[in-house]
Each structure stands twice: as C-alpha cells, then as structure tokens.
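Peer 1:
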C-alpha cells in the first residue's frame, strides 16, 4: 500500500480538569469559514493513543465543540466518537477512540463482560476509514517512548498519516523528546540542530544515536514474531506480547511534521487544524455541514454523566454504573433532562448520593454546564439515583401460588401486594412480557437466554432463584405434597426466613397476638404464661423491629 505523509502533534497540558469549568473554544475567523466556491474537500482523521493522554480534549478543540466526554480518569471514552467540523469548503471528520488497553484491563478493572470488549477493538476500528492518524502522547508521564499498543497499530497501518499528542510542562525538553519519538527523522530527513552543550560540564553534541531505520539489526526469531503479531488485529494480540515485541522500540520514524499544542487552552491547535485541511482531498462530505457529531444528544448526556461520575466517586464504582436518560422534555425554551443511575447495592447508592446529596448535586452541576455549553440553550439536568434491589439487604420475602403466569393473573396481584415505583425484575420468560407496561412500576428484564446478569443494568434473578431451590427442597424430600398443603408450606418458609435470627417459637407467639383479637380474659390468662411474658419482653426490647402482618 502507498505511504502517506505522517505528522506528530504534541499537546502541552491537559491535566487539572477535575471540577473545572467546561472546555472553551476559540471561534473561527471570517477567513476560515468563507467559502471559495471551489470543489468540496474532506479528510477523515483518527485520534489514537494510550489511556488518559488528552485525545478527547484535542478532538473537542479540533471541532470547536465538546462532543467527547472528558474527565481526569482513564477509560472515560469507551467507544469511538465521530465528530466533525465544516469550515469553508473543507470538512474534517475526526474519530476520537478509546485508550489502547488490553482485554484483561477491560474485564477486571472496567467490569466489561466477555464478548462485549468493543473498547479494545475500537482504536483499530477508527483507523479503517482514516486518511490521517493523530497519535496522542503524554510527555509528563514517566518514560520517553510511544506506548507499545500504539506502536503495534502504527506498524499495522504504516500507510496512514499519524499524529502524536503530548502533555509537557517544560518546553525546553520538547526538542529532545521529539527527536526520540520521531527517531530523529521528520519528513524523511534527519533532524538538524546547532551544536550545544548538555549538562553543567557538558560536551559537544550534534547528533543522537537512537534506533536503526529498519529491522535488519533484529534476529530472525524476532522478525518472525514481528510478522506474526503485526499481521494480527490488535484486539486479538495479548497485551504482554506487544509489550515484549516493542520493549526496545521508543519511537516511530515516519512522521512528516511536528506540532506543539495545548488541548486544554487551545494554544497551537489552529496550525494543526490548518495542516489537516491542507491534506484534504476533493470529494463529497460525509456529514451535513452543520453537524458536529453522529452521536445522539441523549448518548452525549449519558457519557457526560459517566465522565462526571469518574471524577466524583471511586473508579471501581463509576466503571460499573450505567446512566440512562429517562426523560427528554422540550418545555418551551427550557430543555428538561432526567437521568437514572441504577445501583445494585444500597452501599453504592449512598456513596453516589453523598452526605446531604452533595455528590450527586455536583455531578448534576457539571453535566448541566457541559450540556448548556454544547447545545447553547437553557436546560435543567436532574439525576436520580435508584437502588435496584433494596429488599436484598433485608430478610423480607413474599410468595403466593398462582394457577397461570399471564398478565391477567399477575397484574392484580402486583397491584395488590407490590408498592408503586418498586423495581420488578424477571428472567425474561415469555409469559411475563405482558406486564412490561404496568403503570407505576419500574420494570427490568434479565434474559436468561443471553446472560444471567444484565451487563447494562446489573439486573439478575439469582437471589430469588436460590430461594426457589430452598422452597422446593421440602416438597422433594416428602416425594410431593397434597395441593392443599402447599400454601401453608410457603407461609412457613416465609415466616422462618423473616425471623431466622430469633427464637422461632417466641416469634410465633407474638405474631399470633397481632393477628387474633382475643378477649380480655384470654389476654390475662395468656399474660400469666411465663413463656409468653418472656417473648413479649424480648420483643419490646427491640428497637423499631417491624412485625410482618
């Protein structure tokens, strides 16, 4: 395949974002947006790099809009984000990709289930339609080398243009870093500098020996391994394999130009944008000239909530939360948005809410600021934290025998025994589908034909399935029971489960007094019973202990 020109972009700073104001962008100049009347031009650009190096910040600056969610934590971007900017006769389509991580990190750290590891494959997927690649590099991180997973992508797609994004604080170090990351060559020529001294004592230095220009110095075993790994898609190559292969490789020697820019402030982004425009070719635009992204407004809002969560709660919690837009209401000039965050444990819900609701309020504020800046309109974002399984932390349980499992049978029972706004979870049995639209209830389905725990909502029926096993055990032990004894058997199981930590006989005595209205004489006789007196005293000593009626 033919080799295209390559360029490197160094971003000076993109840290310190936590709780900060929304990203700001310089408006285009009149000359920039003026149409010349010539043929339409376009360029497809992919942005790749290691995790948390500023790819999303740079993408936002290039298209002058905050379409990619940004946080101070890694793995904020979990899938490719397509953004676009059309100025004059030229359209740039920029794909912001997730950081180059391994499959183990995706599963163990981010909690991504097997078969859903799109985050691992998306960086290479972004290159398939790209005509130019921007490689983002963090110069403030330890080490002066390009990430081995990024090098693997560059070697697999060496026909594409590539860009590098760096975060540095000392500009005097940029030239040396550039020489290393570009292998001392830019636009096919060796970097030349005036002689100078290095260090306090110093010595004359005009060239630096970095890497060989090709792989001829490598052994045959290494070259065979190289060909095997480079011919394999990145998502299918183990993380450790690329790390070993490129352990001695620090840079990429085919860059065409170097740009120094700050993705946070926007300094130096304009020359990069103009460089990309100069590489555009005459063809039809992929997107409408007014479009800034292919993402839906709802998905942008959900990603913005997730980014705010990463900066607000511990990452092990934030990675597993799945914000979902429930309401998107246009009320005149005001846009009202309601986002649900479902938690599978009360502990997580309390952590997310914070003392006095401080944490969730901060998340709402950040999302509100981001969305208002992006959409340029007045809006209100409300975030509701819900605990999917609040009763699983208690000993409460309810069973009832039914002849059928259709909507006509179940709906009256649900309305009679289940409080409105409760969460209802089923295993996806076909007979249950009719109760999906039950008014006043929040309904979740967990499909056992696909998984035993929904990867998005965390819904599962494992707890009640275990209870069903215990319910059936006495029936199996007795080789079945008459139909008229099944209901008492269920009641016994519920009662024993409810009072499993108590003396079951004492609990039964107190329970009887709550059900049956005995006469005054009977009360006196019962009260004289030492066993009952002890049971009542123990019950009175318990604080706020509800008795099931």
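Residue numbers (our numbering): 240 to 788. A virtual CB, placed ideally from N, CA and C, is assigned to each residue, including glycine.
(1) Kindly list the residues whose CB is nearer than 7 Å to the CB of residue 300, restricted to its own chain and excluding five residues on each side of it in sequence; keep chain order.
(2) If we count Cβ pairs, one from each stretch, closer than 8 Å, do we get three or more for the segment 363-373 versus the segment 383-390?
(3) Please name the residue, chosen from 542, 491, 746, that lies closest to residue 306 on a Cα-to-Cα basis.
(4) Here's the rule I'm using: 16 or more other beta-carbon atoms within 10 Å means buried, otherwise exposed. How should residue 607 be labelled?
(5) Could you say if the segment 553-564 and the segment 580-593 meet the contact criterion of at least three C-beta pairs nearer than 8 Å?
(6) Where does residue 602 fall in DSSP's three states?
(7) Measuring CB to CB, does residue 574 end up less than 7 Å from residue 618?
(8) So, helix, strand or coil for residue 450, using DSSP?
(9) Using alpha carbons as the reference points, say which of 468, 335, 304, 613 lies closest to residue 283.
(10) Can you list, in chain order, the residues of its chain with a C-beta nearer than 7 Å to that of residue 349? Leave out the 5 residues immediately preceding and following it.
(11) Just to confirm before moving on: does the CB-CB distance between residue 304 and residue 531 stay below 7 Å?
(12) Would you identify the three-state DSSP class for residue 609, choosing helix, strand or coil?
(13) Taking 6 Å as the line, does the beta carbon of residue 463 fall inside it for any heavy atom of the ligand HEM?
(14) Enumerate in chain order the residues of its own chain whose CB-to-CB distance from residue 734 is below 7 Å, with the five nearest sequence positions on each side excluded.
(15) For residue 550, count neighbouring Cβ atoms within 10 angstroms of its own Cβ and tell me buried if that reaches 16, exposed if not.
(16) Quick check: what's the CA-CA separation for residue 546 versus residue 458?
(17) Enumerate in chain order the residues of its own chain whose CB-to-CB distance from residue 396 is below 6 Å, with the five nearest sequence positions on each side excluded.
(18) Can you check which of these residues, 593, 641, 563, is closest to residue 620 by C-alpha distance?
(19) For the alpha helix (DSSP H) that residue 537 lies in, which residues bound it at each end?
(20) According to DSSP, simplified to helix, strand and coil, what is residue 567?
(21) Quick check on residue 478: does DSSP put it in helix, strand or coil?
(22) I'd like to check one pair, residue 524 with residue 285: are the Cβ atoms closer than 7 Å?
Peer 2: In this structure, then:
(1) 264, 502, 505, 508
(2) no
(3) 542
(4) With 16 or more other Cβ atoms within 10 Å, it is buried.
(5) By the Cβ rule, the segment 553-564 counts as touching the segment 580-593, because three or more pairs are nearer than 8 Å.
(6) Note: residue 602 maps to helix in three-state DSSP.
(7) yes
(8) Because residue 450 sits at a pLDDT of 40, beneath the cut-off of 50, its placement in the model cannot be relied upon, and the following sentence gives the value as read from the coordinates. In the structure shown, residue 450 sits in coil (DSSP, three-state: anything other than H, G, I, E or B).
(9) 335
(10) So the list reads 314, 558, once near-sequence residues are dropped.
(11) yes
(12) helix
(13) Annotation note on the ligand HEM: not contained in the displayed structure, which lists no ligands.
(14) none
(15) By the Cβ neighbour-count rule, residue 550 is buried, with 16 or more other Cβ atoms within 10 Å of its own.
(16) 45 Å
(17) 366
(18) 563
(19) 536-551
(20) strand
(21) It is helical.
(22) no
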